[in-house]
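First residue of the sequence shown? That's 1 in the numbering used here, and the numbers climb one at a time after it.
Here a beta-carbon is modelled for each residue, glycine too, at the ideal position from N, C-alpha and C.
Here's the structure, in structure tokens; my notes come after.
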Amino acid sequence: MNTAVPTIRVLTVDDHPLLREGIGAVVGRQADMAIVGEAANGIEAVQQWRLLQPDVILMDLQMPDMDGMQALASIRAECPQARVIVLTTYKGDALAWRALKAGAVGYLLKSSLRTDLLQAIRAVHAGGRWVPADVAIELAGHTAEEPLTEREIEVLQRIAVGHSNREVGDQLSVSEDTIKARMKSILAKLQARDRTHAVSIALKRGIIRV
């Protein structure tokens with residue numbers, strides 16, 4: 001009788017070699033899983049996925065050339081059954097929501113890799129999902145809110161790096177009044193007191209990055 005434990009084949013995608021090495025060391029000690037490939041950006045991730053067909057992909061979100069969200073979308077477009085756990089340093093609910101909406105089945109904070117990595121891999125391989133409890137609470141707390149539109153996020157992103165309403169309007173080829181109207185909508189949706197407060201909330205929740 002064959003009693004061998006099935007191996008979970010893992011592809012690690014991150015632009016930091018030391019992180020990939022660390023994940024490889026942890027996974028390599030497990031009897032039921034193995035690293036079958038690595039990638040340093042989204043383009044390599046898609047190529048390696050096509051070549052290796054791993055059971056689970058660990059996907060960093062912030063990478064050069066093609067980021068993790070784009071790679072996730074490309075892989076899921078070709079194979080809706082692909083099991084992808086996104087890796088991030090941010091626990092903002094908006095970033096988690098976008099990743100899960102794009103098809104990720106796991107959301108793993110890099111700060112918790114030491115404690116949660118193996119459980120997360122096994123959980124998603126078994127058909128489940130993995131979202132940290134504090135992120136899940138944040139997600140639940142904002143489900144009834146109206147999300148910012150892509151244009152509103154773009155406006156707030158530009159405001160966050162110090163541009164005035166007039167400057168943002170010039171950059172987006174719209175009037176200053178249009179930007180003021182969008183900021184009013186942004187403040188209402190985020191329940192923010194002013195633009196500085198809105199930027200702070202958006203950064204904390206992962207809606208924008210600077």
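From the options, pick the residue whose C-alpha is nearest to that of residue i; which is it?
{"i": "Ala104", "options": "Val124, Glu21, Asp194", "result": "Val124"}
{"i": "Ala40", "options": "Thr7, Lys184, Asp60, Arg83", "result": "Asp60"}
{"i": "Val13", "options": "Asp32, Thr7, Lys110, Gln30", "result": "Lys110"}
{"i": "Glu150", "options": "Arg195, Asp32, Arg182", "result": "Arg182"}
{"i": "Lys101", "options": "Ser112, Thr7, Thr196, Ala73", "result": "Ala73"}
{"i": "Met33", "options": "Arg122, Lys184, Leu51, Leu113", "result": "Arg122"}
Run through DSSP, which three-state label would residue i get?
{"i": "Asp116", "result": "helix"}
{"i": "Asp177", "result": "helix"}
{"i": "Arg76", "result": "helix"}
{"i": "Asp60", "result": "strand"}
{"i": "Ile201", "result": "helix"}
{"i": "Ala99", "result": "helix"}
{"i": "Gly162", "result": "coil"}
{"i": "Thr196", "result": "helix"}
{"i": "Arg151", "result": "helix"}
{"i": "Val27", "result": "helix"}
{"i": "Arg209", "result": "coil"}
{"i": "Glu44", "result": "helix"}
{"i": "Met66", "result": "coil"}
Can you list, in chain order, the residues of its chain with a C-beta nearer than 8 angstroms to that of residue i? Leave out the 5 residues immediately preceding and following it.
{"i": "Met1", "result": "Here the model assigns Met1 a pLDDT of 43, short of 50, so the residue's position is not dependable and the matter cannot be decided."}
{"i": "Pro80", "result": "Gly103"}
{"i": "Lys189", "result": "Glu145, Glu146, Pro147, Leu148, Glu152"}
{"i": "Leu108", "result": "Leu58, Ile85, Val86, Leu87, Thr88, Asp116, Leu117, Ala120, Trp130, Pro132"}
{"i": "Lys180", "result": "Asn165"}
{"i": "Glu176", "result": "Asn165, Arg166, Gly169"}
{"i": "Leu52", "result": "Arg9, Leu11, Val36, Gly37"}
Would you check if the distance between the CB atom of residue i and the CB atom of residue j is smaller than 7 angstroms?
{"i": "Met69", "j": "Asp15", "result": "no"}
{"i": "Ala120", "j": "Gly106", "result": "yes"}
{"i": "Ile57", "j": "Leu11", "result": "yes"}
{"i": "Glu38", "j": "Arg20", "result": "yes"}
{"i": "Trp49", "j": "Ile75", "result": "yes"}
{"i": "Pro17", "j": "Val36", "result": "no"}
{"i": "Val46", "j": "Ala25", "result": "no"}
{"i": "Val135", "j": "Ala160", "result": "no"}
Excluding five sequence neighbours on each side, which residues of the same chain lie with their C-beta closer than 6 angstroms to the C-beta of residue i?
{"i": "Leu156", "result": "Ile186, Ala202, Ile208"}
{"i": "Ala192", "result": "Ala198, Ile201"}
Enumerate in chain order the residues of its own chain whose CB-to-CB distance from residue i is below 7 angstroms, with the five nearest sequence positions on each side excluded.
{"i": "Ile43", "result": "Asp65, Met66"}
{"i": "Arg158", "result": "Val168, Gln171"}
{"i": "Trp97", "result": "Leu139"}
{"i": "Thr178", "result": "Gly169"}
For residue i, count the other beta carbons within 10 Å of its own beta carbon; 16 or more makes it buried, fewer makes it exposed. Which is it?
{"i": "Gly127", "result": "exposed"}
{"i": "Gly28", "result": "exposed"}
{"i": "Thr89", "result": "exposed"}
{"i": "Gly162", "result": "exposed"}
{"i": "Val210", "result": "exposed"}
{"i": "Arg205", "result": "buried"}
{"i": "Ala99", "result": "buried"}
{"i": "Arg83", "result": "buried"}
{"i": "Ala77", "result": "exposed"}
{"i": "Ala31", "result": "exposed"}
Please tell me whether, using a cut-off of 6 angstroms, the distance from the CB of residue i to the nearest non-hydrogen atom of the ligand PLP is below it.
{"i": "Ile85", "result": "Among the ligands in the structure shown, none appear at all, so the ligand PLP cannot be discussed."}
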